[in-house]
Amino acid sequence: MKSYLEQHLKTRLTELGWPVEEPQFSRPKKAENGDWSTNIAMALARVARQAPLQIAHTIMEGLILDPEIVDRYEIVAPGFINFFQSPDYLAHQLRKIVTQDFHYGRNKSGAGQKAQVEFVSANPTGPLTVGHGRQTVLGDTIANILEWSGYEVVREYYFNNAGRQMRKLGESLRARYLTLKGQSTALPEDGYQGEYLVEIAKELLEQQPDLSVETELSVFKTHAEAGIFQIIKDTLARMGVTHDVFYNENTLYETGKIEEVLDELRRKNLVFTKDGATWFKTTELGFDQDRVLVKSTGEPTYRLPDMAYHREKFRRGFDLIIDVFGADHQDTYPDVLAALKVMGFDTSKVHVVIHQFVTLMRGDEVVKMSTRKAEFVTLDELLDEVGVDVVRYFYIMRGAGSHLNFDLDLAKRQTEENPVFYLQYAHARIASIFRKAEERGITYDVHADLTRLGEAETLALINELLAFPEVVERCLRSLEVHHLPNYLYALATALHKFYTEHRVISEDVPLSQARLFLLKAVKIALRNGLQILGVTAPERM
RNA sequence: GCUCCCGUAGCUCAACCGGAUAGAGCAACAGUCUUCUAAACUGUAGGUUACAGGUUCGAGUCCUGUCGGGAGUACCA
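My numbering puts the first residue of the first sequence at 1, with every later residue one more than the last.
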């Protein structure tokens, strides 16, 4: 309907000799303002030097619209043109949904294109925390949206298993190991105090009982890393998340990619040496200060590998590159992107999604988190307490740019007034009605007479239902996926209202069948939407 | 100091490229189950969209400034 109107309106504007800018259509909030509305007359007021209402009339007088699609239109002050869709059109759309079934809501905007989503990327120093949860769900849901838009998607996890942090980790494991062996050893200063290292030490002791203080640290480091990665991957699996690629920063060194980037920047005259360190001349590119690429110790900062990594992303041929970062990484990407641009890559392909922090609350108290001190609630613990469906939904229901308060007490307590259950209940309710219909011998009929559907609540439900593909596209355009849970909530509300007002199964068999047909379509949209969110759609509750 | 994010009902948050009377949930109050699942529905109340200017037919949305919260501003990542 939208594209139909767009097309005809554009043609008409051309006839009139007015600038054919992209006409904007929106679904009015109020049903009385039609099913689709455009503000084109107001937008043209200045250029055409006429009153918006006059323009609207001029446009509409010469516009011939198919009555099977558009029932009627109205011109309303200050200059809106509102269109009302015809019943035939609605019926036709409903049939389409049922035919598309598992494909309802998909679009082809990314067909033939490759996308990469990098998310989580936590270094293997400890289990994933509640803080990582937000990024996990955000990244995975964005990836789902891309898949529903036709992209071929690679989910990627970037990690670093070298450096000071990992050394500390190895030392911490060694201390735990030796303590288990009866040689009580203190954890190093700033060591990792988490209980998980004790578990990993026990495993190590079973497998290799002969290690000692003399053993190379790398043995402990390697074992700690493997053990922790197992924990992380298990957690991700519980969340329903599978990464296709785990990219080790170290390979960038081994294959000389780091040097290549440095050389390339040198050739562009953007590198200089000062105080024994190697600097990136970012001031030359419009930044307020220069940045260190290689420390005086000879060790590169995160910046250089990040540049090399992103250069690899481009070379691997991705058409769309999405980085999901926490707010603490805010300053790390502008100069990385600047370097890539200098190297000749099209950085408009890179989209950085920054999410604000999660504040973990216990009632009114803020829970402070630190991986090293093991003062945190792990994602696993959260999953144990409230389940995957609730965790995924809670993390995604708010915009990434908003700070998220995650109240543990509330999440645990929430079993009844929880929005997730509200959605799932809508789905289960429909399933239940279908079971009941079968009992009563009323069968679902593909050829049901849909002209029987016409009450206000019914039309509201159908309109909500038809918006689903638009919501998916909007999530894609904006990379703001919280629109989806919000939409599904509204769809569930429309369903519940319809249910309260109108009995589906009645003596009137044709009407029952028409309503069953509608519910079938609603069930499809709910199920597909929940699938994108990674939330289950139960048949009964 | 500078950069980025945020500020909307008592609380948690929506509001598509600037559109029509700023919407939900929770909490409060009042109702609705002999009938397909009441994990639901209806109604009442709750707002100077932090503040002050500006841009225009129209601003929660864009611009400038102020205040408040968060993140960054390292030879940490």
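For glycine and all other residues, C-beta sits at the position ideal for the given N, C-alpha and C.
Of the other Cβ atoms in all chains shown, 16 or more fall within 10 Å of the Cβ of PHE498; this residue is therefore buried.
When secondary structure is reduced to three states using DSSP, GLY133 falls in the helix class. GLY326: member of the beta strand (DSSP E) spanning 320-326, first to last residue.
Beta bridge pairing from DSSP links ASN405 with THR359.
In this structure, the CA atom of SER184 is about 57 angstroms from the CA atom of GLN113. Excluding sequence positions up to five before and after VAL446, its CB lies less than 7 angstroms from no other CB in the same chain. Scanning the region 32-84 from its first residue to its last, the whole beta strand (DSSP E) runs of 3-plus residues come out as 36-38 and 70-76. Check the Cα spacing between VAL366 and each of LEU408, ARG49 and ARG527: the tightest is with LEU408. From the listed residues ALA338, PRO538 and VAL391, the smallest Cα separation to ARG429 is found for PRO538. Taking C-beta separations shorter than 8 angstroms and ignoring five residues to either side along the sequence, the partners of PHE25 in its chain run LYS2, LEU5, GLU6, TRP36, SER37 and THR38, following chain order. Distances from the alpha-carbon of SER296 to those of GLY317, VAL504, ASN144 and LYS274 put LYS274 closest. For VAL241, the three-state secondary structure derived from DSSP is coil. Comparing C-alpha distances from GLN135 to each of LEU423, VAL391 and ALA426 shows the shortest one belongs to VAL391.
When only Cα atoms are considered, GLY387 and PHE394 end up about 11 angstroms apart.
Here VAL76 is not near VAL117, since their CB atoms are 8 angstroms or more apart. Residue pairing from DSSP leaves ALA186 without any beta-bridge partner. Burial check for PHE102: the Cβ neighbour count within 10 Å stays below 16, so the residue is exposed. Inclusion of GLY256 and ASN528 in the CB contact set at 8 angstroms is not warranted, their separation being larger than that value. For LEU13, the enclosing alpha helix (DSSP H) starts and ends at 2-16. Along the region 149-226, the beta strand (DSSP E) occurs as fully enclosed runs of 3 or more residues at 152-159, listed in sequence order. Taking C-alpha positions only, TYR422 is separated from ALA492 by approximately 7 angstroms. Pairing LEU453 with PHE406 gives a Cβ-Cβ distance that is not under 8 angstroms.
MET397 sits buried, since 16 or more C-beta atoms from the chains shown fall within 10 Å of its C-beta. Per DSSP, THR273 is one residue of the beta strand (DSSP E) stretching across 271-274. Contact check for VAL352 against GLY131 fails: the beta carbons are separated by 8 angstroms or more. With 16 or more neighbouring CB atoms inside 10 Å of its own CB, TYR73 falls in the buried class.
DSSP places TYR247 within a strand segment (E or B) once states are collapsed to three. PHE434: member of the alpha helix (DSSP H) spanning 419-439, first to last residue. Per the DSSP secondary-structure output, HIS351 pairs in a beta bridge with ILE322. Going by DSSP, VAL117 is part of the beta strand (DSSP E) stretching over 114-118. Only buried fits HIS310, as 16 or more other CB atoms lie within 10 angstroms of its CB. Within the DSSP secondary-structure output, SER26 pairs in a beta bridge with SER37. Per the coordinates, the alpha-carbon of HIS243 lies some 49 angstroms from the alpha-carbon of LEU65. Of the candidates PRO419, ALA339 and MET239, MET239 places its Cα closest to the Cα of ASP384.
In the three-state reduction of the DSSP assignment, ARG291 falls in the strand class.
The residues TRP18 and ILE55, in chain order, have a CB closer than 7 angstroms to that of LEU44 in the same chain once the five nearest residues on each side in sequence are set aside.
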